[in-house]
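As structure tokens, the structure follows; a few thoughts come after it.
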Amino acid sequence: MNQDLQKERAGASFNPELLTNVLDGSPENTRRRREIENLILKDPDFQHENLNFLSRSQRYEVAVKKSATMVEKMRKFGISDADEVLWFKKLHLVNFVEPVGLNYSMFIPTLLNQGTTAQQEKWLHSSKGLEIIGTYTQTEMGHGTHLRGLETTATYDPETQEFILNSPTVTSIKWWPGGLGKTSNHAIVLAQLITQGKCYGLHAFIVPIRELGTHKPLPGITVGDIGPKFGYDEMDNGYLKMDSYRIPRENMLMKHAQVKPDGTYVKPLSNKLTYGTMVFIRAMLVGESARCLSKACTIAIRYSAVRHQSEIKPGEPEPQILDYQTQQYKLFPLLATAYAFQFIGAYMKETYHRINEDIGHGDLSELPELHALTAGLKAFTSWTTNTAIEACRMACGGHGYSHSSGLPNIYVNFTPTCTFEGENTVMMLQTARFLMKSYDQVHSGKLVCGMVSYLNDLPSQRIQPQQVAVWPTVVDINSPNSLTEAYKLRAARLVEIAAKNLQVEVIHRKSKEVAWNLTSIDLVRASEAHCHYVAVKLFTEKVLQLQEKSIQAVLRRLCLLYSLYGISQNAGDFLQGSIMTESQITQVNERIKELLTEIRPDAVALVDAFDFQDVTLGSVLGRYDGNVYENLFEWAKKSPLNKTEVHESYKHLKSLQSKL
Amino acid sequence: MHPDIESERHSPSFTVEELTNMLDGGAQNTALRRKVESIIHGEPELSLKDNYFMTQNERYEAAVKKKFHILMLAQRLGWYHGSRELQYASRSVSGDLGFGIHHIFQQSIRSLGSEEQIAKWDPLCSKFQILGTYAQTEMGHGTYLQGLETEATYEAATQEFVVHSPTMTAIKWWPGDLGRSATHALVQAQLICSGARQGMHAFIVPIRSLDDHSPLPGVTTGDIGPKMDFEHVDNGFLKLDHVRIPRENMLNRFAKVLPDGTYIKLGVPKSNYFSMVVTRVEILLSEVLPLLQKACVIAIRYSVIRHQSRLRPSDPEAKVLDYQTQQQKLFPPLAMAYAFHFVGNHLLEFFHHSKSFILNRDFTLLPELHALSAGLKAMLSDFCIQAVEQCRRACGGHGYSKLSGLPSLLTRVTASCTYEGENTVLYLQTARFLIKSYRNTQKSPGSASKGSLPQSIAYLTAPDLARCPAQTAADFLRPELYTTAWAHVAVRLIKDSVRHLQTLRQAGADEHDAWNQTTVIHIQATKAHLHYVTVKIFTEALEKLESQPAIQQVLRRLCDLYALHGILTNAGDFLHDGFLSGAQIDMARKAYLDLLPLIRKDAILLTDAFDFTDQCLNSALGCYDGHAYERLFQWAQRSPTNTEGNPAYEKYIRPLLQGQRARL
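Chains E and A, in that order, give the protein sequences.
Residue 368 in full-length UniProt numbering is what sits at position 368 of the first sequence, and the numbering runs on without skipping anything.
Residue 366 in full-length UniProt numbering is what sits at position 366 of the second sequence, and the numbering runs on without skipping anything.
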């Protein structure tokens, strides 16, 4: 063990194991999680070469192998509980990149949600047993988040009782679906249904794309890999072009809508999309943000305790870079954010399950808010995390740029979270729509409930839209509750400004949609402020619930830092809204610096508490034992470029010398 | 040509060619650049089109081959080293060339070596008889040079230096061209002679055999492994085990060791320092700024091709560039791309102006030059990194594909936060200069006339308003108004920095602890100062464009946007002492939002003016003709994942499918 890290761990004010239990939910969860992790760590079948040294094609191969063995192993180890599966995947897959994964996460659930009993009987068994491998294709080259814009068509031919699938334009080529490029032999295709000369909108179809036995694309199908990406090297994201490709009528998923043999279209009973899955995935992505940010913080903070550089005082030995105020200022607010997001992620998961139960009982009242909240928090946490991972990487100086740090990989695999499952700006605007609706509701005299209930407190008399009332609140910068109030006031103010600006534009532009577009920057600001308030509120509530004193003390500091840092970064909002005074902002900045010093002795223990295995971190810089430099050298020696002492390209140099 | 991009070019409010000429520094330069580009693009060996499909090994080999090819071309066409032609050639292949550090090696010998040493080594470098690298950074030490551990101990008996890496952390790590190419390394090491440590000096150490390229005895060297980018460069490691080199291999323009081990200092390499400062700015202009410009070209062009959702229910799907949120993402980066062009060129001019003083051993301008170049390097690279990433994310899913060109722009530009000095360290160097200068004005209030402060910080003692006089949104479009606003905030924060430092000192903290405990606010102050400097340079450059009113007008909007965007993202700093009122912030925000649709009209033309060829952009999304989707589809099919078989199918997928079936 590196001596610096040993000292850091000995000097911590709390026992990280207790905090790990809090993060896992209980000591029993921690125990079981480690048990599962150990199964993987000890199993020789799960060993593979370091992905950093492999080509894309080789990385894909490793991923297919992992994907394939995983199913078998989980059965063998008796892992089927949802949480346990997740623990297993977190360690085994690291980034959840599994080419066969879409079969389980999208193909089968869609079949269950939208297929008739007969269809389920026909397909479910073979897809569960991997007799067929399915994927889910929605996004097209020219169209993403806006589903109605999709161009793929499925035209019904009553004579043969078949659908004819076509990709009529270049932009209509299905693009991005995971597992499509090389792995799958079936795809659920979303296409515009046309029957009896009329278009009925998007419907789902099961389309065989590769021949069983040879795996060759079927006639009429053009399918392949979309080429190299920023990350996700192991995934064969693919394209699919269909040219008058025929499938039987029974391949349309007909649980809701139907096409009769003669071509008559039967409308679904309820037009409401089953957005349960969508809400679930977005809620999970909040947890994913927390996990990736926690990893990045672990690496950067451990390395900053091992790395020595320069001098604070002349003549003294070089200090750990974690002793520099600038380094603390870069990293500790991110550490606080990681904890905030951990608790928000846990809250989202609980809330989803709670509301899902209500929905099961026919109570849909909380669904709109849940939908708005997941959309906004998905965007809020993923944007923040995106920037924060990069900040952690840059805080590691030059070595952060090497793949040995693990940070580039964390970043490139995380960053698509900002686009997939709903592009973030669009997500923020969805939340804004809910906020505007709630605001209108309050304005028309009705009360709103849930996280937006603060809108009820808006003073009812507002004559001038730009005039901001002085809030009757005195903020205590050492009280998390009081800071939550301050964030609440900021959110209320920005929601109101956006609402009023929207009204003004509506009057000017005569078109709601144009007005919406011309207010969208304000609307995004309002959503961000709302989400920020929710984050501060949830973190604060969690901290106050904690029983163990030592844990509560250290998390209270992080919670304060999280709240105060956000105020400092958005001081304009708090000053302009007269929520805080100039001298309070000055105090906030001073208090932040004090907190950096207070958190410093616990920094390493705080990242230890995330309890990541070294293989999950995939980082030489973030190793638990801190033996960074020796291992950096060993790592580099494994690079394929070092296989021969004299590189073959030496021939170019020789010929250059002879010609100049 | 795609009609959606053609319509954007229909009614230009200014002549694109004129703007291109201005960016190039004259119509002659534009013509020469295009001539070179057409030569380069005519050579299939110099094509970038397969870059995204290559392994690290292949990228390296291709870059070496390209370098070789360009040297041959240069020899044939008479392009001398350092010529504009070669600069343009390098730009048109996006700098994707091998042996870049070899030239730094050669340059360092010229500035650190004696005449005799230059005469010996320089011709060898020019003819590539040897290939050099510059080995300074070690595994455990970077920006802090005194911390380097490599030792060069003089042995009088043999008249040799023994160069040695005493620890793991002393291994040289990161130097480019070291991993596989270099035969010689310029090694920075602690000189030890007659038992005394004399600090860092430069030594030429042969590391690979000139016959068969194998490492020489005592030398362990290789590649440091995969990185985020710069795959074409063989960044390497070098471990020296008591390697002996002759006394003559220490570069001795500024210090030398006599045969008996006596150490003699011959001067301070200040002029050498000056050339480092110039290099820093040249890198900003050649390696950092173009990446932002390219990202803007790609993202903005793609945003008029991409349609998404509807603005009105009855309309067809709108171009994404028509969304206010998209403009908010892309126009501030575009404004920066222009602002930094003027900032970089202003700096270069300033340096060339001061060169005559430096050559006459008048170093009075050096501290200012240093502070300005350090701070601006940090700020420009920080902003460019963020802006490139913003452009990438503004392209939605396709921005994640390497074929968009954007991931590579990001991974390349992001290295600039550490190379040529880590940004936090650089900000703090500028802060020291600002604080020292400000304190000097306080020591003798009588003599603190405007003239006594260097030009770029003269505003520290200029008369200042306590309140901003703006009364309408339109007032915020007056350059002197927003320049003054930035000056006010910078001065306030610098004073604040000094006050914080004094308070801590008076409370008994020693100088160094006090400094460390106030670094966060120093950086905040320095950033405000740099904002002011860049806004001022941009506005002043535009004043000179009176003879081209159409161009002046379109750039003025970008300048306004740049300044206001900065004010709004730092609104707290302006509200803090009441310099701006809440109502004035709202005015500034209105002025800012009103600029977006105006810039929208010229957006494509403003990116066209950068005049990057399609080959140089190497982006499926950003091509001039707008046929983004067709290219994306064609390029994807060239991927080796499609052209080569699928070994994973035979090995795993088939057994998976069949094995399961057998079991069922």
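From the three backbone atoms N, C-alpha and C, an ideal C-beta is built for every residue, glycine too.
For residue i, which beta-bridge partners are listed by DSSP?
i, result
"residue 153 (chain A)", "A:162 and A:192"
"residue 199 (chain E)", "E:194"
"residue 162 (chain E)", "E:157 and E:248"
"residue 205 (chain E)", "E:189 and E:252"
"residue 264 (chain A)", "A:256"
"residue 259 (chain E)", "E:265"
Is any beta-carbon of chain E found at less than 8 Å from that of residue i?
i, result
"residue 324 (chain A)", "yes"
"residue 279 (chain A)", "no"
"residue 276 (chain A)", "no"
"residue 629 (chain A)", "yes"
"residue 624 (chain A)", "no"
"residue 415 (chain A)", "yes"
"residue 520 (chain A)", "yes"
"residue 294 (chain A)", "no"
"residue 577 (chain A)", "yes"
"residue 225 (chain A)", "yes"
"residue 76 (chain A)", "no"
"residue 512 (chain A)", "yes"
"residue 328 (chain A)", "yes"
"residue 740 (chain A)", "The displayed coordinates of chain A run from 1 to 664. Any statement about residue 740 (chain A) would go beyond what the structure contains."
"residue 187 (chain A)", "no"
"residue 653 (chain A)", "yes"
"residue 598 (chain A)", "no"
Distance cutoff 8 Å, beta carbons only. Does residue i sit that close to anything in chain A?
i, result
"residue 636 (chain E)", "yes"
"residue 166 (chain E)", "no"
"residue 691 (chain E)", "Only positions 1 to 660 of chain E appear in this structure, which leaves residue 691 (chain E) out of reach."
"residue 33 (chain E)", "no"
With DSSP collapsed to three states, give me the class of residue i.
i, result
"residue 138 (chain A)", "strand"
"residue 711 (chain E)", "Since the displayed chain E opens at 1 and closes at 660, residue 711 (chain E) lies outside it and no answer follows."
"residue 299 (chain E)", "helix"
"residue 511 (chain E)", "coil"
"residue 130 (chain A)", "coil"
"residue 93 (chain A)", "coil"
"residue 690 (chain A)", "One cannot answer for residue 690 (chain A) here, as it falls past the ends of chain A, which runs 1 to 664."
"residue 173 (chain A)", "strand"
"residue 138 (chain E)", "coil"
"residue 673 (chain E)", "The displayed coordinates of chain E run from 1 to 660. Any statement about residue 673 (chain E) would go beyond what the structure contains."
"residue 246 (chain A)", "strand"
"residue 396 (chain A)", "helix"
Q.
My parser needs the beta strand (DSSP E) runs of 3 or more residues fully inside the stretch 175-242 of chain A; what are they?
A. Counting whole runs of 3 or more residues, the stretch 175-242 of chain A contains the beta strand (DSSP E) stretches 184-193, 196-206, 219-223 and 236-240.
(Q) At 4 residues or longer, what runs of the alpha helix (DSSP H) sit wholly inside the stretch 13-49 of chain E? (A) Counting whole runs of 4 or more residues, the stretch 13-49 of chain E contains the alpha helix (DSSP H) stretches 16-24 and 27-42.
Q: For the stretch 601-626 of chain A, enumerate the residues whose C-beta is nearer than 8 Å to any C-beta of chain E, in chain order.
A: Listed in sequence order: no entries.
Q.
Beta carbons nearer than 9 Å to chain E: which residues of the stretch 160-182 of chain A have them?
A. Hits within the stretch, in order: 167, 168, 169, 171, 173, 174, 179, 180 and 181.
**Q.** Near-chain E residues of the stretch 417-447 of chain A - C-beta to any C-beta below 7 Å
**A.** 417, 418, 422 and 424
Q: Could I get the ranges of all uninterrupted beta strand (DSSP E) runs contained in the stretch 323-367 of chain A, with 3 residues as the minimum, in chain order?
A: Counting only runs of 3 or more, we get nothing.
Q. Between the stretch 388-406 of chain E and chain A, which residues of the former have a C-beta closer than 7 Å to a C-beta of the latter?
A. From the stretch 388-406 of chain E, only 394, 397, 398, 401, 402, 403 and 404 have a Cβ closer than 7 Å to chain A.
Q: Any chance you could list the beta strand (DSSP E) runs of at least 3 consecutive residues sitting entirely within the stretch 507-589 of chain E, in chain order?
A: Secondary structure within the stretch 507-589 of chain E: not one fully enclosed beta strand (DSSP E) run of 3 or more consecutive residues is present.
Q: Within the stretch 603-660 of chain E, note down every full alpha helix (DSSP H) run reaching 4 residues or more, in order along the chain.
A: Listed in chain order, they are 603-608, 614-617, 628-637 and 650-659.
Q: Anything in the stretch 380-407 of chain A with a Cβ closer than 7 Å to a Cβ of chain E? List those residues in chain order, please.
A: 393, 396, 397, 400, 401, 402, 403 and 407
Q) When you check each C-beta in the stretch 638-649 of chain A against every C-beta of chain E, which residues fall closer than 8 Å? A) Residues 638, 639, 640, 641, 642, 644, 646, 647, 648 and 649.
Q) Going along the stretch 557-581 of chain A in order, which residues come within less than 7 Å of chain E, judged by CB to CB distance? A) 571, 572, 575, 576 and 577
Q: Mind listing, in chain order, the continuous alpha helix (DSSP H) runs of no fewer than 4 residues lying wholly within the UniProt domain "Acyl-coenzyme A oxidase N-terminal" (16-131) of chain A?
A: If we require 4 residues or more, the alpha helix (DSSP H) runs fully inside the UniProt domain "Acyl-coenzyme A oxidase N-terminal" (16-131) of chain A come out as 16-24, 27-41, 56-77, 84-92, 100-112 and 115-126.
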